[in-house]
Amino acid sequence: MHNKDNAKAPFLLFWGAALCACIAAIPLVYLAIRIGGAGVREIVSILTRLRTWETVGISVSLAIVVVTASLLISYPTALLLTRTKLPLRRFWFTTAALPLAIPSYVAAYAWIALIPGMNGFWAAALVLTAVSFPYVLLPLLVSLRSADIGLEQVARSLGGKPTAAFFATTFRQSIPAAAAGSLLVALYVLSDFGAVALLRVDAFTRVIYTSYRASFDRSNAAVLAGMLVILAVILISLERKARGRTLRFRADKGVASITVPKALTPISSALSSLWFIAIAVISLGIPIISLLIRLAQGARRPLDWAELMSAVVNTAWISALGAVIAVLLALPIAALASKFRRKSTSTVESISYSGLALPGIVIGLSLVYLSLNTVPFLYQSFVLLAFAYAVLFLPKSLGASRSSLEAIPPALAQVAQTLGYSPLRAWLYTSGRISLPGIAAGGLLVMLTAMKELPATLMLRPTGFDTLATELWSRTELAAFGAAAPYALALILLAAIPSFALSRSFLTSEKETMVVA
Amino acid sequence: MSAITVQDLSAGYGGEAVISDISFELAEQQLLAILGPSGSGKSTLLKAIAGFITPMKGSITLEGVLVSGVTTFVPPEKRNIGLVPQEGCLFPHLDVSGNIGFGIKRNPNLRQRVEELLEIIGMKEFAHTRPQELSGGQQQRVALARALAPQPKLILLDEPFTALDTSLRAQMRDDIRSILTLTSTTAIMVTHDQEEALATADQLAIMQGGKLIAFGTPHSLYNTPKSIAVAQLLGEINVIPAVVEADRNVRTDFGVSTTQDSRELNAGELGALIVRPEAIVIDEHSTPNATIVDSLFHGHDSLISVRMDSGLVVKLREPTQINRAPGDRCSVSVTRPGTFLRS
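Chains P and B supply the protein sequences, listed in that same order.
Going by the numbering used here, the residue at position 170 of the first sequence is 248; the numbering climbs one at a time, nothing skipped.
Going by the numbering used here, the residue at position 269 of the second sequence is 544; the numbering climbs one at a time, nothing skipped.
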């Protein structure tokens, strides 16, 4: 019996999943309605403003600079890690994903705390590169490691010099991976609010936030948010394309010949180590040391433990609520997509991925408008904030639920049915029950990610409700840098958990490859 | 009363028929093997019987009760049909007892029934073992016990031996056969392995291109096939041009022989005699009438190709103690003429 049926999905499942996908699409749809409501003249006037295009220019150039820097860091790093007998190679492998654990606004705050007055375009470029370059490095490592070195050997046997052979074969194979990673970095830069806001760069997200705060010009915020969504959608579809090409390169790998790492001379060994140390210092060392210094200085004034604990508790339960909603929305969609491959089901699935194209600030903005105009009692309510988290991080939950459901043969549920279970009970007692750990892990991932969310939290939180992220934010606004340090460290600790999980899964695959070699 | 009656059944996916006009009837306590190449619609037929797809046309009757017809459709959970999928598909979160008892949770004699089944499949000591720790053959037996637990009217087995090693298959075949006999269960088994089908089944259904092209006992289908396609699916054949002389006598390059066919044949009709390789022998003492072309060693026997002096090439099976080299002369004759098929 086939794993995926061409068969029609059950009526209730299909429409249940479609309903969930539509709920997830509410922020996007409402944003469109809000922009439409501004009127053609208003939109044209905003689109012809010089300031609008300055914002576009700043955001796009920031993305280009950060992507270029990430590529320049990642290629040598990945080559040294995969092709040489670098000292402490496994250690550097493990730490490769760690910079992703530092939220951009925490990194920005740490740098400002170290170098007061640091701000502007290049400062933002530095901070954003330091926190996002692993998005390029990780896929590149995978690609270089799995690249069939046989091709390179053939090129050399045909008379190519080592470098020429590398560029003609392995380098070319790695391009799709690097491209996919670069687009993720670009998406990260465009959606980032914390770093650009703290470093006072007038990128999209900051301008949207200030226009929104200056309540006289809310159409401007909506139109800019719309432009940001369009840019994000373009990046996502390009990323999908690039990733598709990576898969094809690796599809019929068979037993590929694996690179034998080259020994390094003492000098090149020392130089390479210096390179890794420099990257670690900039991406991890400086932020953490700066926070520790601030913590030590702040310790002169007593830390308000009650306030910190209440922020931790608030952060945990509102994120958990968001995760529960995300899992509930994701489940029917995952059940549908894992079992039925049809055009209509792919459409439902794509709609539910809209959270990918919606930066936190845009979801926040859309839900503020929506609640104020249609359901005022939900404005600045816990439910709305949790819902924002659910929509933002639905793709994570969906991915986890879907892949764990896909691993279960549908024959299990069929057997249960022949043993007298109704279709729903059969599903619950077999596929549902067996995929529970995977679904729960997806929920946990949503929760951990939601804990560090800043812009949507700032806009949607109930008055007087503080999370770790908002506490940190308000202290930096007051320039109370020392007092912010405990919150920043708590955030890093929380965010390190999923990054560790990521590195670990990465390491396990590394072990497998080593066994093959 | 027949255990299952299928009439003019057509079914498929998304409005496209994969199987069409299937009709057959199976008596109680019989094992039916459905044999056919992949894509012939075997699994679709199984799914239609189980109730996982709604037929487009035709009816299915179980022990006299209509479960699928023009206006009737009984869902799988109400049909009382057991299913043993490919590779067993045991529930990974339950132990062996949990798997066997899955379908009889409301039965007051649950424990007793589970133990009874453990006994039948000879796995008493594995009651609390997790499926992951069982061998492929054990998993398959547990899957069968799980399906048998609610005492179904019919058991469906979807390629139950494909996942097993060749050495295990024959053993499992016997095991399953005897468990089914012991529990007096009617069963339908899908397979693409002709040896398996011939060795296990009481009745054999042959499918090709979504149609049922033959139905009968393995013996009759093997020895008196109604078409070349059916004959070929059940093993190697020789198609020897023949002409009817009179009655059931036909003339071929081997001379005149009497067919095993019971039909009336008219003198002068042209056609072919279907002869199995094991029905042709090499006669050491007669005048040579053929040359060895090729000999394929199979262990227990050899498949030898010879070219008759008339030009006709035939295949024959012979015990392996004699070594035949290409070019050797020999005399071949037919010991058991097969069916005559009109061309």
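All C-beta atoms, glycine included, are put in the ideal place defined by N, C-alpha and C.
As the structure is a computational prediction, the values presented were derived from the model and not from experiment.
Between the CA atoms of residue j and residue i - distance to the nearest angstrom
| i | j | result |
| --- | --- | --- |
| B:G333 | B:L432 | 22 Å |
| B:L385 | B:I430 | 20 Å |
| B:D569 | B:M276 | 52 Å |
| P:I101 | P:A95 | 10 Å |
| P:G228 | P:L157 | 17 Å |
| B:L616 | B:V519 | 10 Å |
| P:I111 | P:P473 | 23 Å |
| P:S269 | P:R539 | 19 Å |
| P:V469 | P:W189 | 31 Å |
| B:T456 | B:P493 | 18 Å |
| P:D330 | B:C364 | In this prediction, P:D330 has a pLDDT of 43, which is less than 50 and means its spatial position is unreliable; what the coordinates show is noted afterwards. So the alpha carbons of these two residues sit roughly 28 Å apart. |
| P:A141 | P:A264 | 5 Å |
| P:L90 | P:S416 | 16 Å |
| P:G332 | P:S224 | Residue placement at P:G332 is flagged as unreliable, the pLDDT there being 47, under the threshold of 50; a coordinate-derived value is accordingly withheld. |
| B:S453 | B:T460 | 10 Å |
| P:G238 | P:F471 | 48 Å |
| B:K322 | B:S608 | 47 Å |
| P:L262 | P:Y213 | 6 Å |
Under the three-state DSSP convention, the category residue i falls into
| i | result |
| --- | --- |
| P:A504 | helix |
| P:G477 | helix |
| B:M398 | coil |
| P:N298 | helix |
| P:G304 | helix |
| P:M387 | helix |
| B:D283 | strand |
| P:L381 | coil |
| B:K590 | strand |
| B:E520 | strand |
| B:S298 | strand |
| B:T614 | strand |
| B:A292 | strand |
| B:T336 | strand |
| B:T487 | Per the sequence presented here, residue 487 of chain B reads as Leu, with Thr not at that position. Three-state DSSP puts B:L487 in a strand. |
| P:T133 | helix |
Nonlocal neighbours in the same chain, by C-beta distance under 6 Å from residue i, ignoring five residues either side
| i | result |
| --- | --- |
| P:A401 | G521, V524, M525 |
| P:A341 | K163 |
| B:A420 | I375, L392, I396 |
| P:R328 | Note that P:R328 scores 43 on pLDDT, short of 50, meaning its location in the model is unreliable; the coordinates nonetheless yield the value given after this. Cβ neighbours of P:R328 beyond the five flanking positions: S224. |
| P:L565 | Per the sequence shown, residue 565 of chain P should be read as Tyr rather than Leu. So the list reads L546, E549, L550, once near-sequence residues are dropped. |
Cβ-based burial, residue i [other Cβ within 10 Å; buried from 16]
| i | result |
| --- | --- |
| P:A384 | exposed |
| P:I193 | exposed |
| B:G613 | buried |
| P:A356 | exposed |
| P:Q231 | exposed |
| B:I451 | buried |
| P:S254 | Going by the sequence as given, residue 254 of chain P is Pro instead of Ser. Classification of P:P254: buried, given that the 10 Å Cβ count is 16 or more. |
| P:K421 | exposed |
| P:E317 | buried |
| P:F169 | exposed |
| B:D283 | exposed |
| P:N298 | buried |
| P:G516 | buried |
| P:Q375 | exposed |
| B:Q387 | exposed |
| B:F327 | buried |
Residue-chain proximity (residue i, chain A), Cβ-Cβ < 7 Å
| i | result |
| --- | --- |
| P:P487 | In the structure shown, chain A does not exist; the protein chains are P and B. |
Which residues DSSP lists as bridging residue i, in chain order
| i | result |
| --- | --- |
| B:D569 | B:S580 |
| B:C605 | B:A565 |
| B:T527 | B:G530 |
| B:V550 | B:N513 |
| B:G357 | B:I430 |
Chain-order list of residues whose beta-carbon lies under 8 Å from that of residue i (same chain, five-residue window excluded)
| i | result |
| --- | --- |
| P:R20 | Because chain P spans 79 through 595 in this model, residue 20 of chain P falls outside it and cannot be assessed. |
| B:T270 | Because chain B is modelled from 276 through 618, residue 270 of chain B falls outside the range shown and cannot be assessed. |
| P:W353 | P154, T155, L158 |
| B:V505 | I481, I488, A489, L496 |
Neighbourhood of residue i by C-beta distance below 7 Å, restricted to the same chain and skipping five residues each side
| i | result |
| --- | --- |
| B:A517 | V525, R526, T527, G546, A547, L548, F615 |
| P:P105 | L436, I441, S444, L445, V469 |
| B:S618 | L545, G546, A547 |
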